[in-house]
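At position 245 of the sequence shown the residue is numbered 245 (full-length UniProt numbering), and the sequence of numbers has no breaks. Note that CB positions come from ideal geometry on N, CA and C, so glycine has one too. The model shown is predicted, which means the values in this text are computed figures rather than measured ones. The structure appears right after this line, and notes come after that.
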Amino acid sequence: MSTLWLVSDLHVTFPANRERVERLAPAEEGDWLIVAGDVAESIDIVVDTLARLRRRFARVVWCPGNHELFARPSDRYQGRARYARLIDLLREVGVDTPEDPYPVFGDVTVAPLFTLYDYSFRPAGRSAAEALIDARAARATLDDELYIAPYVDVVEWCAERVAYSRERLTAVDGPTLLVNHWPLAVEPTRRLRQPDMALWCGTTLTRSFARDYRAVGVVHGHLHMPEEIMVEGVPHVDVSLGYPFEQVHMPRRAWPMPGLRIP
Ligand SMILES: [Fe+2]
1 MSTLWLVSDL
11 HVTFPANRER
21 VERLAPAEEG
31 DWLIVAGDVA
41 ESIDIVVDTL
51 ARLRRRFARV
61 VWCPGNHELF
71 ARPSDRYQGR
81 ARYARLIDLL
91 REVGVDTPED
101 PYPVFGDVTV
111 APLFTLYDYS
121 FRPAGRSAAE
131 ALIDARAARA
141 TLDDELYIAP
151 YVDVVEWCAE
161 RVAYSRERLT
171 AVDGPTLLVN
181 HWPLAVEPTR
191 RLRQPDMALW
201 CGTTLTRSFA
211 RDYRAVGVVH
221 GHLHMPEEIM
231 VEGVPHVDVS
241 LGYPFEQVHM
251 PRRAWPMPGL
261 RIP
């Protein structure tokens, strides 16, 4: 048997998380590992971490989270150039990215996506600008506004990424496992203690992806609220490790989470 293991939000700059990731290992030869973003902020650390995992697992499939995109004014790679740089380096170490042919596990096409957020997970009747003002007033603004927004038009990039993903997925036959850092539907964000944070948690443009592309499941992270919920009959599962100080409050559960298994 081979197992496809699911993880996200490794945040390995925290020593306790780095230790857990160092212990990640296949149960059997041929096991795969899905990493749904937020490995770290530094490009070098992201690539080094995934390269080490790739030496242990038969296949490592990655998609970026918001933290991989975090940049400062002094950084050489920002915005789109940062994503392109990550793709180049991860290909060199044999990691599958959203820009590569989708790998197939058994008869399921594993599709790493990168669809970002566009402030559309917001209360009905509020514009994005109004919702952002509400979030600032509630002190619920995510760091993405400081470390991503200055370097790229996120709303425009999100729309482009959704169109690109649809084009790629339309060419796929048979069942899929959709992997994205951000939830593909709004329902998982309803569990957020601070509802305004949903602005940075996805886009309504991906709502029908699971149905349109015959998903057996949707794997995401970002919320740091590991749980599986059903949306229109499809399991959407948050496989975050999250920050050490959050883990003490998380329900006890298997991590990494076993996903698909094939003989
Ligand atoms: Fe995260």
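Straight-line gap, residue i to residue j (C-alpha atoms, nearest Å)
| i | j | result |
| --- | --- | --- |
| residue 228 | residue 75 | 37 Å |
| residue 21 | residue 35 | 11 Å |
| residue 51 | residue 187 | 33 Å |
| residue 119 | residue 93 | 34 Å |
| residue 211 | residue 172 | 13 Å |
| residue 6 | residue 136 | 33 Å |
| residue 189 | residue 201 | 7 Å |
| residue 160 | residue 169 | 14 Å |
| residue 60 | residue 154 | 27 Å |
| residue 104 | residue 262 | 11 Å |
| residue 224 | residue 31 | 24 Å |
| residue 247 | residue 42 | 23 Å |
| residue 53 | residue 125 | 45 Å |
| residue 112 | residue 133 | 32 Å |
| residue 231 | residue 213 | 14 Å |
| residue 66 | residue 116 | 8 Å |
| residue 163 | residue 62 | 20 Å |
| residue 244 | residue 17 | 7 Å |
| residue 144 | residue 70 | 7 Å |
| residue 56 | residue 217 | 25 Å |
| residue 123 | residue 140 | 15 Å |
| residue 191 | residue 79 | 29 Å |
| residue 97 | residue 255 | 22 Å |
| residue 11 | residue 27 | 23 Å |
Residue environment, residue i, which counts as buried when at least 16 other CB atoms sit within 10 Å
| i | result |
| --- | --- |
| residue 13 | exposed |
| residue 88 | exposed |
| residue 148 | buried |
| residue 265 | Lying outside 1 to 263, the shown extent of the chain, residue 265 is not represented and no answer is given. |
| residue 73 | exposed |
| residue 222 | buried |
| residue 127 | exposed |
| residue 259 | buried |
| residue 114 | buried |
| residue 8 | buried |
| residue 220 | buried |
| residue 15 | exposed |
| residue 242 | buried |
| residue 181 | buried |
| residue 185 | buried |
| residue 82 | buried |
| residue 33 | buried |
Contact test: residue i Cβ vs ligand 1 heavy atom, cutoff 7 Å
| i | result |
| --- | --- |
| residue 65 | yes |
| residue 222 | yes |
| residue 38 | yes |
| residue 173 | no |
| residue 238 | no |
| residue 44 | no |
| residue 266 | What the structure shows of the chain is the stretch from 1 to 263, and residue 266 is not part of that stretch, so it cannot be assessed. |
Proximity test, residue i beta-carbon vs ligand 2 heavy atom, cut-off 7 Å
| i | result |
| --- | --- |
| residue 249 | In terms of ligand content, the structure shown lacks ligand 2 and carries ligand 1 instead. |
Where the beta strand (DSSP E) through residue i begins and ends
| i | result |
| --- | --- |
| residue 2 | 2-7 |
| residue 258 | 257-262 |
| residue 10 | Segment: none, residue 10 is in no beta strand (DSSP E) and carries neither H nor E. |
| residue 176 | 176-179 |
| residue 33 | 32-35 |
Limits of the unbroken alpha helix (DSSP H) element including residue i
| i | result |
| --- | --- |
| residue 24 | First-last for residue 24: undefined, no H or E at that position. |
| residue 155 | 154-170 |
| residue 146 | 144-147 |
So within the segment 203-250, which uninterrupted beta strand (DSSP E) runs reach at least 3 residues, ignoring any that extend past its ends? 215-220, 227-231 and 234-238
Note down, one range per segment and in chain order, each alpha helix (DSSP H) of at least 4 residues found wholly within the segment 46-133. If we require 4 residues or more, the alpha helix (DSSP H) runs fully inside the segment 46-133 come out as 66-69 and 79-92.
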